[in-house]
Amino acid sequence: MSAPHTVRTGLATAVRDRAETAGQAVTRYGLALVVGWIGALKFTTYEAEAIVPLVTHHPLMSWVYDVLGVSSFAAVLGVVEVGAALLIALRPLWPLVSAAGSALAVLLFLGTLSFLLTTPGVTTGGFPFLSVDGGQFLIKDVVLLGAALWTFGEAVRASRR
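Just so we're aligned, residue 85 is where the sequence shown starts under my numbering, counting upward by one.
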């Protein structure tokens, strides 16, 4: 093996390792940021009203407005989302607590993705054409679900070390 090849291989390995480390940090803390930000928005009237069509058409959630009302349900959901975000961010201190936050995020994203199946108007003209208002807004949660699953698994593994 020649010296230039070894240098290139070492440089490629260093770049790969740094990119992977940066990607992990962006994934974990980006997930926490997005979940926390969306949760904080639940305390605003426009966000509370924006989820009404999603919740009212969902067969498992449509009853909540009868019990809590629009603002109160949004606030409860906001507390859960902000709480999940904070737990995810605690990974360096408490990996198992962070895993619980990631598990909660998984449940939140599964719930959100279920709106794709229950909300009228998320497609325009049928599958695969997603509407701008609902479908395109919801589909991003597939990636967020993947991030939450990864952070869950990584935090569980870290808690066993």
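Even glycine gets a Cβ: it sits at the ideal position worked out from N, Cα and C.
Just to confirm before moving on: does the CB-CB distance between VAL119 and LEU192 stay below 9 Å?
Along the sequence shown, read from residue 1 onward, the residue named residue 119 stands at position 35. Along the sequence shown, read from residue 1 onward, the residue named residue 192 stands at position 108. Yes, they are a contact pair.
Hey, would you say ALA169 sits closer than 9 Å to GLY123, going by beta carbons?
Here the question's residue 169 lines up with position 85 in the sequence shown. Here the question's residue 123 lines up with position 39 in the sequence shown. Yes; because the gap between Cβ atoms is below 9 Å, this pair is in contact.
Residues of its chain near GLU133, where Cβ-Cβ distance is below 8 Å and the 5 sequence neighbours each way are ignored:
One-based indexing of the sequence shown puts residue 133 at position 49. VAL154.
Per DSSP, cross-strand counterpart(s) of THR207:
Residue mapping note: residue 207 aligns to position 123 of the sequence shown, counting from 1. DSSP lists LEU214 as partners of THR207.
Pull up the CB-CB distance for VAL206 and SER215, whole angstroms please, since I reckon it's below 8 Å.
For the purposes of this step, residue 206 is identified with residue 122 of the sequence shown, where counting begins at 1. For the purposes of this step, residue 215 is identified with residue 131 of the sequence shown, where counting begins at 1. About 6 Å separates the two Cβ atoms, so the contact holds.
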